[in-house]
Amino acid sequence: MPQPLADPDFYRYDANHRFAAMYPLLARQIVDDFGITQGLCLDVGTGSAAVLIELAKITDLNLVGLDAQPEVLAMARENVARHALPPDRFRFLTADVTDIPLEDGSVDLLISRGSIPFWPDHTAAFAALYRVLAPGGAALVGCGFSRYQPIEEVRAMRPTWSGDGPKDERNAWKDDGYLPRVLDEAGVRGATVRRDPYGVWVEIRKP
Numbered sequence: 000m001p002q003p004l005a006d007p008d009f010y011r012y013d014a015n016h017r018f019a020a021m022y023p024l025l026a027r028q029i030v031d032d033f034g035i036t037q038g039l040c041l042d043v044g045t046g047s048a049a050v051l052i053e054l055a056k057i058t059d060l061n062l063v064g065l066d067a068q069p070e071v072l073a074m075a076r077e078n079v080a081r082h083a084l085p086p087d088r089f090r091f092l093t094a095d096v097t098d099i100p101l102e103d104g105s106v107d108l109l110i111s112r113g114s115i116p117f118w119p120d121h122t123a124a125f126a127a128l129y130r131v132l133a134p135g136g137a138a139l140v141g142c143g144f145s146r147y148q149p150i151e152e153v154r155a156m157r158p159t160w161s162g163d164g165p166k167d168e169r170n171a172w173k174d175d176g177y178l179p180r181v182l183d184e185a186g187v188r189g190a191t192v193r194r195d196p197y198g199v200w201v202e203i204r205k206p
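FYI, numbering that gives the first Met the number 0 numbers position 194 of the sequence shown as 193, with every residue one higher than the one before it.
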């Protein structure tokens, strides 16, 4: 039986969501940066499916959201309906990031915002992401906000634990040298780690 969500408001994507101003801008940034508007898009750790929902509004992508929690995906489906989007453009999968039930090289655009701090095995996770990414495909994985936002807005949105406050184990993946080592161990090629006031992101353009 699905378990009740600890913070259901966080998974209800509407105009009152705490990041409502960010998601449309992040979707636009992704399209501008990678230029991928058709094919298959996978969102790992999709949560509310907010990024997929905003991409649906500005692209012709077929959209797949993956999350380990079925109760979260139930909220994601409700959010698709809330935004009056055709449900047949979306598919939701309950699975772990290290065991993605998609074929090798089947994903044209892969995104994952905010789930990386909770991955138990970063090397296995990046290997799985790279496996499903198509040659010529692109991925954006990390934590942060859109550079199209005013930086003051970003600072107000950022969770306390993710900033410059006390050390939190969820920030360990941001340590200098950690991501390049993990990406190398996972066999990922074409990756760039970007750090700026908006967040920490891994961009992958698969050869």
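Each residue gets a CB set at the ideal place from its N, CA and C atoms; glycine is no exception.
Using 10 angstroms around the beta-carbon of residue i, count the other beta-carbons present and answer buried if the total reaches 16, otherwise exposed.
i, result
"R112", "buried"
"L39", "buried"
"G136", "buried"
"I150", "exposed"
"A185", "buried"
"D13", "exposed"
"D107", "buried"
"D163", "In this prediction, D163 scores a pLDDT of 49, lower than 50, which makes its location untrustworthy; the coordinate-derived value is nonetheless stated afterwards. Per the 10 Å Cβ criterion, exposed."
Could you tell me how far apart the beta carbons of residue i and residue j are, in whole angstroms, since I believe they sit closer than 8 Å?
i, j, result
"L65", "D42", "7 Å"
"H121", "W172", "6 Å"
Go to residue i, then tell me how far its beta strand (DSSP E) extends in each direction, as first and last residue.
i, result
"L139", "L132 to G143"
"A19", "Neither: A19 is in no beta strand (DSSP E) and is coded neither H nor E."
For the alpha helix (DSSP H) holding residue i, just list the boundary residues, first then last.
i, result
"V96", "Careful: V96 lies outside any alpha helix (DSSP H) and carries neither H nor E."
"R81", "P69 to R81"
"D183", "Y177 to E184"
"A49", "A49 to I57"
"R204", "No alpha helix (DSSP H) holds R204; the beta strand (DSSP E) holding it covers G198 to R204."
Confirm, please, whether the CB-CB distance from residue j to residue i is below 9 Å.
i, j, result
"I57", "L139", "no"
"V50", "L101", "no"
"A48", "N15", "no"
"R27", "S145", "yes"
Exercise for the section: Evaluate the contact criterion for the region 70–86 versus the region 95–108: three or more CB pairs, one atom per stretch, below 8 Å. Expected result: The answer is no - the region 95–108 does not touch the region 70–86, with fewer than three Cβ pairs under 8 Å.
Exercise for the section: Flag this pair as touching only if the region 186–194 and the region 115–130 have three or more C-beta atom pairs under 8 Å; answer yes or no. Expected result: yes
Exercise for the section: Evaluate contact between the region 20–27 and the region 83–91, counting only Cβ atoms and requiring at least three cross-stretch pairs below 8 Å. Expected result: no
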